[in-house]
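Here the sequence shown is numbered in the UniProt record's numbering, starting from 89 and rising by one per residue. C-beta: ideal position from N, C-alpha, C; glycine also.
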Amino acid sequence: KEKTFAMIKPDAYIHIGKIISIIERSGLQISNLKMTKMSQEDAREFYGEHKGKPFYDGLVNFMSSDLIVGMELVGDNAIKRWRELLGPTNTLVAREQAPNSIRGLFGTDGTRNACHGSDSPGSAFRELNFFFAKTSKL
Ligand code: ATP
């Protein structure tokens with residue numbers, strides 16, 4: 089079994105029920121969940137690999153603009169299965185190529201794309217640790 093970090097971004101937390109239904113139907117198990125807000129500092133660190141890119145500041149502002157929902161998902165091939173449920177990174181591409189994907193259904197534009205998913209076991213470990221250790225003192 090594998091773990092991944094899934095996050096509902098600020099443009100999509102209003103769709104939390106529908107997104108959780110999709111996860112349940114997929115057979116992935118939700119083993120931890122928290123609704124919170126990311127500070128600008130948290131968002132800058134979380135997306136540190138994109139620092140310097142033209143969309144970085146907009147991404148950081150967006151991610152710290154409103155509530156988010158972080159989840160730990162568990163299952164065989166959880167990383168790949170969750171990214172398949174997400175669809176293409178760009179919402180407009182997702183609407184064309186995977187209209188029933190989470191980003192196709194709930195995304196807004198290039199940056200505001202409804203949800204995040206870890207892309208490797210290393211990033212899943214790092215992101216789960218970041219989210220559930222660093223912001224769990226509520
Ligand atoms: P995520 O890491 O959020 O699951 P991803 O791995 O599919 O998405 P990355 O390339 O890691 O995509 O980009 C991280 C996030 O940065 C994207 O989800 C999106 O919100 C934003 N982003 C990426 N590329 C662009 C772009 N060209 N223009 C605007 N925003 C972008």
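Does the beta-carbon distance from residue i to residue j come in below 8 Å?
i       : j       : result
Lys-125 : Ser-152 : yes
Val-162 : Lys-91  : yes
Ile-167 : Ala-212 : yes
Ala-186 : Gly-192 : yes
Leu-147 : Thr-199 : yes
Phe-219 : Gly-136 : no
Phe-134 : Leu-216 : no
Please identify the residue among the options whose C-alpha is closest to the C-alpha of residue i.
i       : options                            : result
Ala-221 : Lys-97, Tyr-135, Asn-120           : Asn-120
Asp-197 : Glu-184, Asp-207, Glu-129, Ala-94  : Glu-184
Lys-89  : His-103, Ile-104, Gly-115          : Gly-115
Ser-189 : Arg-169, Ser-208, Tyr-144          : Arg-169
Gln-117 : Asp-164, Leu-180, Asp-154          : Asp-164
Arg-113 : Asp-130, Leu-173, Phe-143, Ile-102 : Leu-173
Asp-154 : Tyr-135, Pro-176, Ser-127          : Ser-127
Arg-214 : Glu-160, Phe-150, Ile-104          : Glu-160
Asp-130 : Lys-141, Phe-150, Ile-111          : Phe-150
Give a single yes or no on whether residue i has its beta carbon closer than 7 Å to a heavy atom of the ligand SAH.
i       : result
Asn-201 : Summarising the ligand content, the structure contains the ligand ATP and does not contain the ligand SAH.
Every unbroken beta strand (DSSP E) within the segment 151-210, with a cutoff of 3 residues, ordered by chain: 156-163, 203-205
Cβ contact (3+ pairs, closer than 8 Å) linking the segment 92-107 and the segment 203-218: yes
Inside the segment 94-138 only - beta strand (DSSP E) runs reaching at least 3 residues: 117-124
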